[in-house]
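Novice: Sharing a structure below in C-alpha coordinates format, with a few things to ask.
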(Lines of atoms letter the chains of each structure in order from A and count residues from 1; the text may use other names and numbers.)
(Lines give C-alpha, C1' and ligand atoms only; values in the text may rest on other atoms or scores of the structure.)
Protein backbone atom coordinates (compact mmCIF):
# COMPACT_ATOMS: atom_id res chain seq x y z
CA UNK A 1 0.00 0.00 0.00
CA UNK A 2 1.31 3.44 -0.92
CA UNK A 3 1.20 6.15 1.73
CA UNK A 4 -0.13 8.65 -0.85
CA UNK A 5 -3.43 6.75 -1.08
CA UNK A 6 -4.46 7.88 2.40
CA UNK A 7 -4.69 11.64 2.80
CA UNK A 8 -5.39 12.59 6.41
CA UNK A 9 -8.14 15.05 7.16
CA UNK A 10 -7.97 17.14 10.31
CA UNK A 11 -11.13 18.62 11.85
CA UNK A 12 -11.48 21.76 13.95
CA UNK A 13 -14.80 22.51 15.66
CA UNK A 14 -14.55 26.27 15.90
CA UNK A 15 -17.72 26.53 17.95
CA UNK A 16 -15.70 25.46 21.00
CA UNK A 17 -12.86 27.96 20.48
CA UNK A 18 -12.81 31.62 21.53
CA UNK A 19 -13.34 33.87 18.47
CA UNK A 20 -10.04 35.72 18.91
CA UNK A 21 -8.14 32.40 18.82
CA UNK A 22 -9.82 30.93 15.73
CA UNK A 23 -7.97 32.46 12.78
CA UNK A 24 -4.45 32.08 14.24
CA UNK A 25 -5.27 28.43 15.02
CA UNK A 26 -6.70 27.78 11.55
CA UNK A 27 -3.73 29.32 9.76
CA UNK A 28 -1.28 27.46 12.01
CA UNK A 29 -3.00 24.16 11.26
CA UNK A 30 -3.15 24.92 7.53
CA UNK A 31 0.54 25.83 7.47
CA UNK A 32 1.32 22.43 9.03
CA UNK A 33 -0.57 20.49 6.34
CA UNK A 34 1.35 18.59 3.70
CA UNK A 35 0.21 18.85 0.09
CA UNK A 36 -2.85 16.62 -0.32
CA UNK A 37 -3.99 16.89 3.30
CA UNK A 38 -7.20 18.64 4.27
CA UNK A 39 -8.57 20.64 7.16
CA UNK A 40 -12.29 20.56 7.90
CA UNK A 41 -13.80 23.43 9.86
CA UNK A 42 -17.11 23.29 11.69
CA UNK A 43 -18.57 26.69 12.50
CA UNK A 44 -21.82 28.37 13.54
CA UNK A 45 -21.71 31.02 10.79
CA UNK A 46 -20.57 31.49 7.21
CA UNK A 47 -16.76 31.81 7.27
CA UNK A 48 -16.58 33.90 4.08
CA UNK A 49 -14.23 36.53 5.63
CA UNK A 50 -11.82 33.67 6.43
CA UNK A 51 -11.87 32.64 2.77
CA UNK A 52 -10.87 36.17 1.77
CA UNK A 53 -7.93 35.93 4.20
CA UNK A 54 -6.90 32.60 2.67
CA UNK A 55 -7.03 34.11 -0.81
CA UNK A 56 -4.81 36.94 0.40
CA UNK A 57 -2.18 34.88 2.22
CA UNK A 58 -2.25 31.46 0.48
CA UNK A 59 -3.42 32.08 -3.09
CA UNK A 60 -2.79 29.01 -5.24
CA UNK A 61 -2.03 26.82 -2.22
CA UNK A 62 -5.54 25.71 -1.25
CA UNK A 63 -8.94 24.60 -2.46
CA UNK A 64 -12.06 25.63 -0.54
CA UNK A 65 -15.18 23.46 -0.53
CA UNK A 66 -18.42 24.07 1.34
CA UNK A 67 -19.66 20.72 2.63
CA UNK A 68 -22.57 22.08 4.69
CA UNK A 69 -24.01 25.59 4.39
CA UNK A 70 -26.02 26.44 7.48
CA UNK A 71 -28.23 27.76 8.72
CA UNK A 72 -26.89 26.60 12.09
CA UNK A 73 -23.80 24.62 11.08
CA UNK A 74 -21.24 25.40 8.39
CA UNK A 75 -18.71 22.73 7.41
CA UNK A 76 -15.82 23.82 5.19
CA UNK A 77 -13.03 21.71 3.75
CA UNK A 78 -9.73 23.42 2.98
CA UNK A 79 -7.26 21.27 1.05
CA UNK A 80 -3.58 22.09 0.62
CA UNK A 81 -2.86 21.72 -3.09
CA UNK A 82 0.61 23.29 -3.16
CA UNK A 83 3.44 24.07 -0.79
CA UNK A 84 3.94 27.61 0.37
CA UNK A 85 6.24 29.73 -1.77
CA UNK A 86 8.97 31.51 0.16
CA UNK A 87 7.58 34.97 0.90
CA UNK A 88 9.16 37.96 -0.74
CA UNK A 89 8.06 40.71 1.60
CA UNK A 90 10.56 43.12 0.14
CA UNK A 91 9.16 42.57 -3.35
CA UNK A 92 5.57 42.97 -2.15
CA UNK A 93 6.37 45.84 0.17
CA UNK A 94 4.62 44.26 3.13
CA UNK A 95 4.66 41.36 5.54
CA UNK A 96 2.08 39.33 7.40
CA UNK A 97 2.37 37.01 10.37
CA UNK A 98 0.96 33.49 10.33
CA UNK A 99 -2.17 34.50 12.20
CA UNK A 100 -3.30 36.87 9.51
CA UNK A 101 -2.84 39.93 11.73
CA UNK A 102 -0.69 42.12 9.55
CA UNK A 103 2.02 44.15 11.20
CA UNK A 104 2.58 46.56 8.32
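Residue numbers (our numbering): 1126 to 1229.
Virtual Cβ for every residue (Gly too), placed ideally from N, Cα, C.
Fair warning: this is a prediction, and the values are worked out from it, not measured in the lab.
Around the Cβ of residue 1199, are there at least 16 other Cβ atoms within 10 angstroms (buried) or fewer (exposed)?
Specialist: One-based indexing of the chain shown puts residue 1199 at position 74. Classification for residue 1199: buried.
Novice: If I measure Cβ to Cβ from residue 1167 and keep anything under 6 Å in the same chain, skipping five residues before and after, which residues do I get?
Specialist: Walking along the chain shown from the start, residue 1167 turns up at place 42. Around residue 1167: 1138, 1200.
Novice: What's the C-alpha gap between residue 1186 and residue 1142?
Specialist: Here residue 1186 is taken as the residue at index 61 of the chain shown, counted from 1. Here residue 1142 is taken as the residue at index 17 of the chain shown, counted from 1. Answer to the nearest angstrom: the Cα atoms are 25 Å apart.
Novice: Helix, strand or coil for residue 1150, going by three-state DSSP, please let me know.
Specialist: In the chain shown, counting from the first residue as 1, residue 1150 sits at position 25. It is helical.
Novice: Can you give me the start and stop residues for the alpha helix (DSSP H) that residue 1175 sits inside?
Specialist: If you number the chain shown from 1, residue 1175 lands on position 50. Counting along the chain, the alpha helix (DSSP H) containing residue 1175 begins and ends at 1173 to 1182.
Novice: Going by C-alpha distance, which of 1136, 1197, 1194, 1195 is nearest residue 1164?
Specialist: Taking the chain shown and counting its residues from 1, one reaches residue 1164 at position 39. Minimum Cα distance to residue 1164 is reached at 1136.
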